[in-house]
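Inspection log for the structure reproduced underneath, given as structure tokens.
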Amino acid sequence: MSKPGQLADNEVYLGNYLLDRLAQLGVRCLYGVPGDFNLTFLDLVVEHPDIEWIGCCNELNAAYAADGYARVKQAQLNQDHEGSQADSKPGQAKSQGGKDKTQGGVRGLGALLTTQGVGELSAINGIAGAYAERVPVLHVVGVASTKLQKSRAVLHHTLGDGLTRVFEEAHSGITCARAFLQGAEDAAAEIDRILLAALTKARPAYLSLPTDLVFIPVDKKRLETPVVPDSVGFENHDVLPTGKKVQDEEKKRLAFVVKEIERLWDGAKDPIVLIDACSIRYGVSHLVRDLVHATKVKFYTTPMGRTAIDEDPANGFGGVYVGEISDAAVKEVVEKSDLVVMVGSLKSDFNTGEFSYPFPQETVIELHSDSTLVQYAHYPDVSFHVLLPALAKALKPKENVSQPPKDVGLSTTVPEGNKDEMVTQKAFWPMMGAKLFKENDIVVTETGTSNFGILGSALPNGATSVAAITWGAIGAATPMTLGALLAAQETSTPRRTILFTGDGSIQLTLQEVATMIRLGLKPILVILNNDGYTIEKLIHGETAPYNDIPSFDWQSMLSFFNAPGPRFKPLPTKSWLAETRGQLEEILANEEFQKADKIQVLEVRMAPLDAPENLVKQGKLSAELNAA
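Residue numbers for the sequence shown follow full-length UniProt numbering, beginning at 1 and rising by one.
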């Protein structure tokens with residue numbers, strides 16, 4: 001389809017309107033797969049000065065990549081909520097001089113583009129995962145023209161019944177907002193509506209873009225009004241994330257809630273703060289940090305809340321709390337607290353040690369994006385965006401709170417072992433904390449031994465933890481690493497990206513390693529080769545054939561994906577193999593490996609049933625829950 005005639009000065013094509021909005025919200029990468037119903041829009045994407053097209057190997061991987069991109073963007077914005085951009089690179093703004101074009105209210109957003117039917121359904125598992133884990137992702141679907149839709153033509157990529165909205169309906173339970181565009185009149189307003197919903201609700205949104213609407217003219221002036229009002233800043237606590245000003249009646253309710261919490265706080269001898277996922281997703285990590293510093297209490301995190309604040313004992317960090325599967329010393333300190341302030345709780349099974357929190361409700365305060373719970377009283381519309389700063393001013397410091405163990409349950413002391421024997425999980429994870437991780441690393445862990453093993457590893461200041469713990473789709477972490485790598489390039493701080501995945505999990509999505517190579521990205525891909533689905537074996541079927549997998553030659557993976565082509569010259573890569581503990585220690589001490597100046601695979605051979613201690617505990621709890 002060719003572009004129509006010249007636009008008026010006050011007009012912009014709808015397709016460009018969408019791209020400009022994404023750029024204003026800090027999106028620099030659009031992931032996806034081309035299809036004949038999104039090709040005309042793709043012409044605009046590749047011409048856009050601020051957005052890079054990242055073609056993926058399949059739509060599912062594109063959804064995971066958009067998710068990983070959004071998570072790292074969220075973390076970076078929490079660390080530096082001015083959201084500045086560095087000079088242009090792949091995945092960065094291509095505008096002149098790398099000038100930042102973002103508007104106020106940037107929260108960390110991912111985006112992907114698919115074609116109707118076959119493409120969007122391929123991506124739907126990744127969209128569902130983003131919904132479960134509270135990650136804002138815009139799913140743009142190129143669909144047939146409005147004329148073809150109205151004629152109920154039987155088209156390819158459909159169910160052959162002439163109906164076109166069935167796939168939008170399939171997204172109804174896994175997105176917070178949907179727009180099925182049908183004309184120019186309200187198209188721009190609909191785009192703004194669903195973007196605002198995605199950002200304020202921290203959930204995916206769905207947009208269908210018909211081929212004949214890509215080049216319709218819309219009012220350009222609308223772009224001057226931010227999707228999220230500029231008044232919604234990280235330091236403006238009189239305005240909610242929706243842009244709604246806190247009203248006098250709401251201020252009275254807020255003051256009452258602050259007094260109630262202050263009363264409980266003053267009566268508590270040993271309060272703690274427990275930080276969870278939604279403090280990151282809704283951009284309030286820095287407000288939690290301010291509360292912790294003002295009150296001098298210790299803070300703990302759940303698995304999903306890790307790295308919301310630097311995990312430094314000098315910063316007040318006490319450890320990772322996961323109910324029954326926590327480090328014993330951390331568990332003892334947390335569970336003797338007489339007041340637990342939970343910020344952004346997401347109480348899924350693997351995030352809570354199979355729902356094993358023992359806290360009496362009288363000792364619990366929960367702060368959420370849309371409500372607050374104080375003991376048994378529920379206060380809707382009292383958001384932690386306005387409550388956290390008020391509490392930081394109102395609550396008195398606590399000087400004599402219980403101290404966590406010195407190692408905060410994250411030992412960097414590597415247990416003794418024979419260098420000629422296979423490395424164990426018990427030794428591997430302390431090695432990572434002691435000998436691999438550096439400040440500002442992005443650490444992506446896969447469902448399975450990696451998600452549980454990392455719970456015992458110390459993460460340095462500036463690190464970002466990425467893990468899909470609630471959705472738990474195996475294979476998600478590899479394409480999420482692609483998104484994390486590209487998001488990391490949007491900051492001036494050098495950041496290594498390290499993936500930990502099992503040999504079973506990576507088999508689902510390893511194609512996206514090819515995209516990493518094609519884009520010249522330089523992750524460290526750590527593959528724990530333990531010959532099968534260890535996490536499943538620990539839950540049920542220790543020797544069952546359904547937990548077995550094919551054997552892959554992981555040392556050949558990078559060369560397989562690095563083949564020369566008409567537009568691609570092979571890039572430097574490196575593969576490492578650690579069959580023994582001694583070999584792993586030598587690799588970790590190798591300057592070339594640590595430098596991470598090329599894409600690398602580190603394959604670590606492990607015994608099939610060797611697992612982190614907390615995963616063994618979780619496996620038993622999960623088996624009991626499943627049996628019940």
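By construction, the Cβ of each residue, glycine as well, lies at the ideal position given by its N, Cα and C atoms. Small disclaimer: the values here were computed from a predicted structure and weren't measured.
For residue i, three-class secondary structure by DSSP
| i | result |
| --- | --- |
| Ile498 | strand |
| Met342 | strand |
| Cys176 | coil |
| Val374 | strand |
| Phe256 | helix |
| Glu536 | helix |
| Gln116 | coil |
| Asn16 | helix |
| Ile549 | coil |
| Arg152 | coil |
| Trp471 | coil |
| Glu82 | Reliability of the predicted coordinates at Glu82 is poor, the pLDDT of 35 falling under 50, and the value obtained from them is presented with this limitation in mind. It is coil, neither helix nor strand. |
| Ala144 | coil |
| Ala628 | coil |
| Ala202 | coil |
| Asn461 | coil |
| Ile216 | coil |
| Val513 | helix |
| Ser208 | strand |
| Ala544 | coil |
| Ala184 | coil |
| Ala111 | strand |
| Val227 | coil |
| Val526 | strand |
Under 8 Å between C-beta atoms of residue i and residue j
| i | j | result |
| --- | --- | --- |
| Ile272 | Lys298 | yes |
| Gly483 | Gly110 | yes |
| Val374 | Phe359 | no |
| Pro612 | Gln425 | yes |
| Thr372 | Leu387 | yes |
| Leu410 | Arg306 | no |
| Tyr300 | Gly318 | yes |
| Pro479 | Ile498 | no |
| Met431 | Leu588 | yes |
| Lys574 | Lys595 | no |
| Val72 | Ala488 | yes |
| Leu121 | Ala62 | no |
| Val12 | Val343 | no |
For residue j and residue i, the rounded distance between their alpha carbons
| i | j | result |
| --- | --- | --- |
| Gly541 | Ile54 | 40 Å |
| Cys278 | Leu7 | 43 Å |
| Phe41 | Asn16 | 9 Å |
| Ile174 | Leu39 | 26 Å |
| Ser556 | Glu512 | 15 Å |
| Asn547 | Lys147 | 49 Å |
| His48 | Leu25 | 15 Å |
| Phe234 | Gly417 | Caution applies to Phe234, whose pLDDT of 42 falls short of 50 and renders its modelled position unreliable; the value that the coordinates give is listed next. Taking the straight line joining both Cα atoms gives about 49 Å. |
| Ile517 | Glu366 | 44 Å |
| Gln618 | Asn400 | 33 Å |
| Thr225 | Val118 | 35 Å |
| Val33 | Ala392 | 47 Å |
| Asn351 | Thr211 | 43 Å |
| Val601 | Val137 | 29 Å |
| residue 637 | Ser622 | The chain is shown from 1 up to 628; residue 637 falls before or after that span and cannot be answered. |
| Lys201 | Glu591 | 44 Å |
| Asp87 | Lys537 | Unreliable placement is indicated for Asp87, whose pLDDT of 39 sits below 50; the coordinate value is still reported in the next sentence. Going by the C-alpha atoms only, they are around 47 Å apart. |
| Ile261 | Asp349 | 28 Å |
| Ala23 | Tyr357 | 42 Å |
Close beta carbons around residue i, own chain, < 6 Å, minus the five adjacent residues each side
| i | result |
| --- | --- |
| Pro564 | Pro570 |
| Ala467 | Thr445 and Asn451 |
| Arg289 | Ile309 |
Chain-order list of residues whose beta-carbon lies under 7 Å from that of residue i (same chain, five-residue window excluded)
| i | result |
| --- | --- |
| Glu190 | Ala179 and Leu181 |
| Ala434 | Thr412 and Val414 |
| Pro608 | Asn530, Asp531, Gly532 and Thr534 |
| Thr295 | Leu395, Pro397 and Lys398 |
Other residues of its chain near residue i: CB distance less than 8 Å, five sequence neighbours each side excluded
| i | result |
| --- | --- |
| Asp192 | Arg21, Arg222 and Val227 |
| Asp67 | Gly110, Gly126, Gly129, Ala130, Glu133, Val135, Val137, Ala468, Ala476, Met480 and Gly483 |
| Asn626 | Ile539 and His540 |
- Runs of alpha helix (DSSP H) wholly within the UniProt domain "Thiamine pyrophosphate enzyme central" (265–384) (minimum 4 residues, chain order): Taking only runs of at least 4 residues, the alpha helix (DSSP H) segments lying wholly in the UniProt domain "Thiamine pyrophosphate enzyme central" (265–384) are 277–281, 285–295 and 328–335.
- Message: Suppose only complete runs of 3+ residues qualify. What are the beta strand (DSSP E) ranges in the region 423–450, listed by chain order?
- Response: 442–445
- Message: At 3 residues or longer, what runs of the beta strand (DSSP E) sit wholly inside the region 5–73?
- Response: 11–13, 29–32 and 52–55
- Secondary structure, alpha helix (DSSP H): runs of 4+ residues fully inside the region 550–625: 557–560, 581–588 and 591–595
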